[in-house]
Structure formats: C-alpha cells, structure tokens
Amino acid sequence: MARSSWQEILNRLRVRSGLFLAIAVVLLARSTWTSILLGVLISFFGLAVRAWASGHLSKEKKLAVSGPYRYSRNPLYVGNFLLGIGIVVGARSWWVLGLFIIYYGIFYPLIIRRERERMRELFPQQYEEYGKRVPLFLPSIRKHLPARGKWSRSLY
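Numbering of the sequence shown is given in numbering that gives the first Met the number 0, commencing with residue 0 and proceeding in unit increments.
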C-alpha cells in the first residue's frame with residue numbers, strides 16, 4: 000500500500016478514535032466542580048500553547064524555529080497533550096486516563112515521526128541542525144536557539 004494511503008488510513012482512524020474517546024469521556028466521567036475547574040485551566044493553558052505555536056508557523060514555507068519552537072520541535076502537539084490532560088483531570092476517571100494514554104501513545108508518535116520525515120525532506124540541512132539543538136517533544140527550559148521572529152496574527 001502506498002505511503003499516502005497509510006497516512007490517510009491513520010488520519011481517518013485517529014479522527015474516528017477521537018470521536019470514540021470523546022463519547023467515552025462523557026460516559027465515564029466522574030467529575031466534580033473542582034476537577035472541572037482544574038481541567039479547564041489546564042486545557043486553556045494547552046490552547047494558549049497552541050495559539051503561541053500557530054503564530055510562529057508558516058506551514059511548509061519555512062522551518063519554524065522561533066517562539067515555542069525554540070523549546071520543542073512539536074509545540075502544537077504539546078498543546079494537544081495539555082488539552083487532553085485537562086480533559087482527563089476534568090473527567091476524574093482512571094478509565095479516561097487509560098484511554099487517553101492509549102490514544103496519544105498510538106497516534107502521536109506516528110504523527111510526529113511522519114512530520115519529522117516531511118521536515119527533513121523540505122528543510123534537510125536546517126532541520127538536521129535544529130534537531131540537534133531542540134528536543135523532539137518534551138520542552139526544555141533552556142533556550143536552545145536565539146530569539147528570532149515574532150508571533151504573527153496572520154499566521155495564527
């Protein structure tokens with residue numbers, strides 16, 4: 000099967016599984032007002048990370064190395080992770096936590112690997128150097144790259 004076919008299948012499966020996960024959250028949640036409030040705060044932080052990252056991304060036009068891309072090569076996925084953790088905390092369910100770990104553990108490593116391959120194709124030399132200096136996923140507190148570029152509303 001062609002590579003693009005696998006990518007399409009993976010994407011369809013990820014979306015359908017995400018819908019299943021959303022239904023499971025509703026059915027399995029044992030929320031309290033405190034868990035909901037804490038979950039919302041964590042999720043908003045995840046949205047803020049995503050917004051920050053989006054404002055520094057010129058998709059496939061140039062390699063993003065400013066803003067949150069100085070700390071992680073995949074800040075959009077870090078934001079998604081935080082959104083998911085917020086939902087897990089809000090749901091207050093071990094079952095939801097388990098499903099989230101399975102979902103994220105299956106799909107995101109594949110997505111990140113595919114995106115890394117694409118960046119290597121588009122920006123071979125730049126991405127190789129970038130990859131040596133900036134962690135793949137978990138952000139590093141140390142700034143690995145100098146500050147360049149500003150957040151752009153037009154990119155967001």
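Where is the CB? At the ideal position from N, CA and C, for every residue including glycine.
Pick helix, strand or coil for Ile131, following the three-state DSSP scheme.
As a working note, residue 131 is residue 132 in the sequence shown. Residue 131 is actually Lys in this sequence, not Ile. Looking at Lys131 - three-state DSSP - the assignment turns out to be helix.
When the Cβ atoms of the segment 44-55 are set against those of the segment 18-25, are three or more pairs found closer than 8 angstroms?
no
To the nearest angstrom, how far is the alpha carbon of Arg115 from that of Gly130?
Position 116 of the sequence shown, counting from 1, holds the residue named residue 115. Position 131 of the sequence shown, counting from 1, holds the residue named residue 130. Going by the C-alpha atoms only, they are around 9 angstroms apart.
Within the continuous alpha helix (DSSP H) that includes Leu33, where are the two ends?
Here the question's residue 33 lines up with position 34 in the sequence shown. In the sequence as displayed, the identity of residue 33 is Thr instead of Leu. 32-53 is the span of the alpha helix (DSSP H), which, as asked, contains Thr33.
Alpha carbon to alpha carbon, what distance is there between Leu98 and Tyr155?
Position 156 of the sequence shown, counted from the start, is the residue given in the question as residue 155. Position 99 of the sequence shown, counted from the start, is the residue given in the question as residue 98. Summary for Tyr155: the model assigns pLDDT 49, below 50, so the residue's position carries little reliability, and this model does not support an answer.
In the DSSP assignment, the alpha helix (DSSP H) including Glu114 goes from what residue to what residue?
On the sequence shown, position 115 is the one that residue 114 refers to. Per DSSP, Glu114 belongs to the alpha helix (DSSP H) from 93-121.
Where Glu7 falls: helix, strand or coil (DSSP)
In the sequence shown, the residue the question calls residue 7 occupies position 8. Three-state result, Glu7: helix.
Buried versus exposed, by CB contacts within 10 Å (16 or more), Asn73
To locate residue 73, count along the sequence shown from 1; it is residue 74. Its Cβ being crowded by 16 or more others within 10 Å, Asn73 is buried.
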